[in-house]
Structures are given as C-alpha cells and as structure tokens.
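Asks: For reference, the structure I am asking about is given below.
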Amino acid sequence: MTKCFWNGEIVPVDTVAISPFDLGFLRAYAVYEGVAAFDGEPFHFDDHYERLRASAHTIGLSVPYTSEQLLTTLREVLRANELSKGRASMRIVLSGGEADHGIGYNPGNETCIVLAEPAKEPAYTEGGSLLLHEFQRNLPTCKTVEYAVAVSLQAERVARNAAEILYHTKGELRECATSNIFLVKNGVLITPDKEILLGITRKITIDIAHSLGYTVEERTVLLTELETADEVFITSSFRDIMPISHIEDNTVGNRKIGPITETLIQAFKKKY
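Heads up: the sequence shown at position 69 corresponds to 69 in the UniProt record's numbering, and the numbers run straight through without jumps.
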C-alpha cells in the first residue's frame, strides 16, 4: 500500500482526507516541488527546499518545516514505500490549510503532503516534439499548483503525441508547461531567463555546460530563433535532459539527438 507524509504522520495514501475548505483546493493557494530521488536520497534537496521557501514567501505562505526536518521526512517516505533502491519521483505540496471565511489564510494551519512513487530512468533514443501555445504563467518565478492551462492542453498533447507544451508571449520564448527549454546554435547554449521558473535541472545543466567549456547565454530568446536552432532540448527533475526533434510540424536540426545534447545527457547521468 502506497504511503505518504500528511501533516506530521506517515499514513496510507487512501486515508488522507483533504478538507473541502483547504485553500489549496478552493483557491489554488499552494506551492509544490517535484524532486527526483536516487537510492533513497533526494537529489539536490537543498536547491528544492530553497525554491519551496522562495515560492511560499512570494505568496505569503509559511513553511512549517526546517530543511533538516523536511529532508528527514522525504527519506522516511522513501523507506515507507520501499524506495531505498533505484529511482523515485517525489512531490512536496504545501497549502494554506483550511480557509478563514473561504479565502483568509491562518498561518500555522498549513497542509503538507509528501508523495513518492517508483520512476524509470529516462532513456532517449530519439527526440520528442513540442506544441506551441501563447501563454504567460501567473507568478512565473513561483512554483504554485495553478496549472489550469497546462492541464487543459494535455488532451491535445496526447492526441498529437507531443512531449510538452512550449509557452511563448510577445514573440519571446518562455518555458514549457513543466520544464525549461534550451536551444543550441553554433555550439552555444541559449535559454530564456525572464518570466520563467528557474528550474533546478536547468541550473544543473548550465553548471555542467560551463564545466565542459560551453558558452551559455541566459537571455531573451525570440520565438523565431527556433527556426535556426541546431539542437533543442528541455530539462526537468523527472525528465533530466530530453532531446527535442520537432516543434509543431517543423524539424529541429537533422532530427537526431544532437552531439551537444548527448554530451550533456551523459554528463548529467554522472551527477547521480
């Protein structure tokens, strides 16, 4: 039976009862983190904790656990689900708890849930595809649970066998629904840096690229730059580094996994 952490206890998932007055349910007043784990150890936990705190601070939400307490909790959830070996995917969800008159937040009344499930190692033999959608997330630097647009686009994504939805606004690239995007042009990595969530895997990838001697440009990226990119890939905690071969009906490069993308994929695997 799958178990989770819920407000201080490790309990079976099917016993969790979220209040219908919870602000996360009523108002999407909640933040979360998606964390990969390897052999019972959360990957880059400190980075995830700091981003959780930053996201919570942005919306005025208190984090009731220290870094040490939450790390211990994640490890306990992994052990409770017999996930001390291999790869796992974890989610930390923190909401404002029961609402005061339907909208008020009472600090100290937060709801916290930590989930874990087994995960397969990403193995890419070919690139995926992206669909374009003009959209800008609210509070883009904050990882909240407000994913209404992303959820509404999933039926089309699945029907068209696409890997992700790529957001753009005002002729500029932003990010994907659940990942960051990189372009490679003439050996240089290019990635948007404004009005986006600064992903943990994005950060790790940039650090790896620098260590390998690549130049990385974090800047405004025009939508039209996709047309001349030699390589494109996306990054996220659950995908690692995923090559992209198509954007809508347009081919990226020669449709194969690009040499720089492949180099980064192999270097990333050595990090864990």
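All residues carry an ideal CB built from backbone N, CA and C; glycine is no exception.
Model, not experiment: these values are computed from the prediction.
Decide if residue 31 is buried, meaning its Cβ has at least 16 other Cβ atoms within 10 Å, or exposed.
Replies: buried
Asks: What separation, rounded to the nearest whole angstrom, lies between the Cα atoms of residue 187 and residue 228?
Replies: 13 angstroms
Asks: Are there 16 or more other CB atoms within 10 angstroms of the CB of residue 82, so buried, or fewer, so exposed?
Replies: It counts as exposed.
Asks: Just the Cα atoms here: how many angstroms apart are residue 145 and residue 185?
Replies: 34 angstroms
Asks: Is DSSP giving residue 3 helix, strand or coil here?
Replies: strand
Asks: Would you tell me roughly how many angstroms separate the C-alpha atoms of residue 272 and residue 204, rounded to the nearest one?
Replies: 12 angstroms
Asks: Assuming residue 174 and residue 165 make a contact with CB atoms under 8 angstroms, what is their CB distance in whole Å?
Replies: Not really, about 11 angstroms apart at Cβ, beyond 8 angstroms.
Asks: Whole angstroms is fine: what's the gap from residue 49's alpha carbon to residue 74's?
Replies: 11 angstroms
Asks: Would you call the stretch 113-130 and the stretch 91-99 touching, i.e. three or more CB-CB distances under 8 angstroms?
Replies: yes
Asks: In chain order, what are the residue ranges of uninterrupted beta strand (DSSP E) at least 3 long that sit wholly in the stretch 115-180?
Replies: 128-134, 164-169 and 172-176
Asks: Using CA atoms only, rank isn't needed, just tell me which of 76, 6 and 103 is closest to residue 37.
Replies: 76
Asks: Measuring straight from C-alpha to C-alpha, what distance separates residue 151 and residue 35?
Replies: 20 angstroms
Asks: Just reading off the beta strand (DSSP E) that residue 45 is part of, what are its end residues?
Replies: Residue 45 -> not in any beta strand (DSSP E); alpha helix (DSSP H) instead, spanning 45-58.
Asks: With DSSP as the reference, label residue 101 as helix, strand or coil.
Replies: coil
Asks: So what does residue 243 bridge to, in DSSP terms?
Replies: Looking at the DSSP assignment, residue 243 forms a beta bridge with 233.
Asks: Are at least three pairs of beta-carbons, each pair with one atom in the stretch 231-241 and one in the stretch 194-210, less than 8 angstroms apart?
Replies: A contact between stretches requires three or more CB pairs, one per stretch, nearer than 8 angstroms, and the stretch 231-241 meets this requirement with the stretch 194-210.
Asks: Since residue 24 is in the beta strand (DSSP E), which residue starts that stretch and which ends it?
Replies: No beta strand (DSSP E) holds residue 24; the alpha helix (DSSP H) holding it covers 23-27.
Asks: Check whether the Cβ atoms of residue 180 and residue 234 sit closer than 8 angstroms, and answer yes or no.
Replies: Yes, they are a contact pair.
Asks: Please report how far the alpha carbon of residue 159 lies from the alpha carbon of residue 69, in whole angstroms.
Replies: It is roughly 42 angstroms from the alpha-carbon of residue 159 to the alpha-carbon of residue 69.
Asks: When DSSP labels each residue in this structure, what does residue 88 get in the three-state scheme?
Replies: strand
Asks: What does the alpha-carbon distance come out to for the pair residue 3 and residue 12?
Replies: Residue 3 and residue 12: Cα-Cα distance of roughly 4 angstroms.
Asks: I think residue 192 touches residue 221, with their Cβ atoms under 8 angstroms apart; what is that distance to the nearest whole Å?
Replies: 5 angstroms
Asks: Out of curiosity, what's the CA-to-CA distance linking residue 64 and residue 108?
Replies: 7 angstroms
Asks: With a cut-off of 8 angstroms on the beta carbons, I'd call residue 21 and residue 110 a contact; round off their distance for me.
Replies: That pair is no contact at about 14 angstroms.
Asks: Exposed or buried, what is residue 212 when buried is set at 16 or more other beta-carbons lying within 10 Å of its beta-carbon?
Replies: exposed
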